[in-house]
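Presented below is the structure to which this report refers.
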Amino acid sequence: KAGVTQTPRYLIKTRGQQVTLSCSPISGHRSVSWYQQTPGQGLQFLFEYFSETQRNKGNFPGRFSGRQFSNSRSEMNVSTLELGDSALYLCASSLASGGAGNYGYTFGSGTRLTVV
Amino acid sequence: GESVGLHLPTLSVQEGDNSIINCAYSNSASDYFIWYKQESGKGPQFIIDIRSNMDKRQGQRVTVLLNKTVKHLSLQIAATQPGDSAVYFCAENGEGGKLIFGQGTELSVKP
Chain A
1276 KAGVTQTPRY LIKTRGQQVT LSCSPISGHR SVSWYQQTPG QGLQFLFEYF SETQRNKGNF
1336 PGRFSGRQFS NSRSEMNVST LELGDSALYL CASSLASGGA GNYGYTFGSG TRLTVV
Chain B
-5 GESVGLHLPT LSVQEGDNSI INCAYSNSAS DYFIWYKQES GKGPQFIIDI RSNMDKRQGQ
55 RVTVLLNKTV KHLSLQIAAT QPGDSAVYFC AENGEGGKLI FGQGTELSVK P
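As structure tokens, this is what we get:
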């Protein structure tokens, strides 16, 4: 079956712009989590969505937001981009909410965002 | 705060040797741990996991050891191959089910 699909793979934006990233989970998976990966901070949790509701949120400013649609596809948005937002944004899908210990996570290949 | 850290940022081994990657975690209440492998241009890929009621778990060529007394986790790769070259992350099941990742260790396998 198809894995987790993230689009676009690469993106270049200018400071102050906003960006929307998309994640299509594995068919049948209803939970989508987002992570930011940078060389300095490593992998950090952004938020998790399940059944179109945000279930958990990490320590990121309000410029980072997300949503989930009825087909479980998820988008994350970053407004007023800063240079420090340059990162690989990864999404992970799971059968249900409740953590990797219960249902496991499968990661996509990520979207590489560069802010100039 | 919550953290999962790695002792060695880089590890270079000869093909055929065994590799050991270490990780320290801070939350003694953590009950589930995972090792991920991340190759260039890809997302983290599950390797092996272990629950806190176990000390050791074996997979194909990989073994994870958990020492709850000193809050230490290790990944052992037997007969390391060039295809094992990647960055390895340990992760801990955090509050609300989020994953808390370590900083990663880059494994380089010399042919």
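Going line by line, the protein sequences match chains A and B. Numbered by our numbering, the letters in the first sequence go through residues 1276 to 1391 in order. Numbered by our numbering, the letters in the second sequence go through residues -5 to 105 in order. Note that CB positions come from ideal geometry on N, CA and C, so glycine has one too.
Exposed unless 16 or more other CB atoms sit within 10 angstroms - verdict on residue i
{"i": "A/THR1381", "result": "buried"}
{"i": "A/SER1302", "result": "exposed"}
{"i": "B/TYR26", "result": "buried"}
{"i": "B/ASP78", "result": "buried"}
{"i": "A/LEU1358", "result": "exposed"}
{"i": "B/SER34", "result": "exposed"}
{"i": "B/ASN12", "result": "exposed"}
{"i": "A/SER1306", "result": "buried"}
{"i": "A/ALA1375", "result": "buried"}
{"i": "A/GLY1277", "result": "Position check: residue 1277 of chain A holds Ala in this sequence, whereas Gly was assumed. A/ALA1277 is exposed by the Cβ-count criterion."}
Close-in-space but distant-in-sequence residues of the same chain around residue i (CB under 8 Å, 5 per side omitted)
{"i": "B/GLY88", "result": "GLU(-4), ASN21, SER24 and ILE94"}
{"i": "B/PRO105", "result": "GLU9 and PRO76"}
{"i": "A/GLY1379", "result": "SER1369 and LEU1370"}
{"i": "A/THR1328", "result": "GLN1343"}
Contact set between residue i and chain A, taken where Cβ atoms lie within less than 9 Å
{"i": "B/LEU93", "result": "SER1308, TYR1310, LEU1318, PHE1320, ALA1367, GLY1374, ALA1375 and TYR1380"}
Partners in chain A for residue i, counting only beta-carbon separations shorter than 8 Å
{"i": "B/TYR26", "result": "GLY1374, ALA1375 and GLY1376"}
Under 7 Å by beta carbon: chain A residues contacting residue i
{"i": "B/GLN97", "result": "GLY1317"}
Expected contact under 8 Å - CB spacing of residue i and residue j to nearest Å
{"i": "B/LYS50", "j": "B/TYR19", "result": "About 16 Å separates the two Cβ atoms, so there is no contact after all."}
{"i": "A/GLU1350", "j": "A/SER1384", "result": "Actually they do not touch by this definition, with Cβ atoms about 17 Å apart."}
{"i": "B/THR63", "j": "B/THR4", "result": "About 27 Å separates the two Cβ atoms, so there is no contact after all."}
{"i": "A/GLN1312", "j": "A/ALA1362", "result": "6 Å"}
{"i": "A/TYR1285", "j": "A/ARG1387", "result": "5 Å"}
Proximal residues of chain B, C-beta to C-beta of residue i below 9 Å
{"i": "A/ARG1330", "result": "GLY90 and GLY91"}
{"i": "A/GLU1323", "result": "GLY90, GLY91 and LYS92"}
Chain-ordered chain B contacts of residue i [CB-CB under 8 Å]
{"i": "A/GLY1333", "result": "LYS92"}
{"i": "A/SER1354", "result": "Neighbours of A/SER1354 on chain B: none; closest Cβ ~23 Å, over 8 Å."}
Own chain partners of residue i with C-beta closer than 6 Å, once the 5 adjacent residues on each side are dropped
{"i": "A/ASN1352", "result": "THR1295 and SER1340"}
{"i": "B/ILE44", "result": "PHE27, ARG51, VAL58 and LEU60"}
{"i": "B/THR74", "result": "VAL7, ASP11, SER13 and VAL103"}
Sequence-distant residues of the same chain with beta carbon closer than 7 Å to residue i, five excluded per side
{"i": "B/ALA72", "result": "ASN12 and ARG55"}
{"i": "A/SER1347", "result": "PRO1300, HIS1304, ARG1305 and VAL1307"}
{"i": "A/ASN1331", "result": "PHE1322 and GLU1323"}
{"i": "B/LYS80", "result": "Correcting the residue type first, residue 80 of chain B is Ala in the shown sequence and not Lys. LYS31, GLN32, GLU33 and LEU101."}
{"i": "A/LEU1356", "result": "LYS1288, ARG1290, GLY1291, GLN1292, GLN1293, VAL1294 and VAL1390"}
Within chain B, the residues that residue i reaches when beta carbons sit closer than 7 Å
{"i": "A/GLY1383", "result": "GLY37"}
With 9 Å as the C-beta to C-beta threshold (strictly closer), list the residues of the segment 29 to 58 of chain B near chain A in chain order. TYR30, GLN32, GLY35, LYS36, GLY37, PRO38, GLN39, PHE40, ASP43 and ARG45
Which residues of the segment 78 to 93 of chain B have a Cβ closer than 9 Å to any Cβ of chain A? Give them in chain order. PHE83, ALA85, ASN87, GLY88, GLU89, GLY90, GLY91, LYS92 and LEU93
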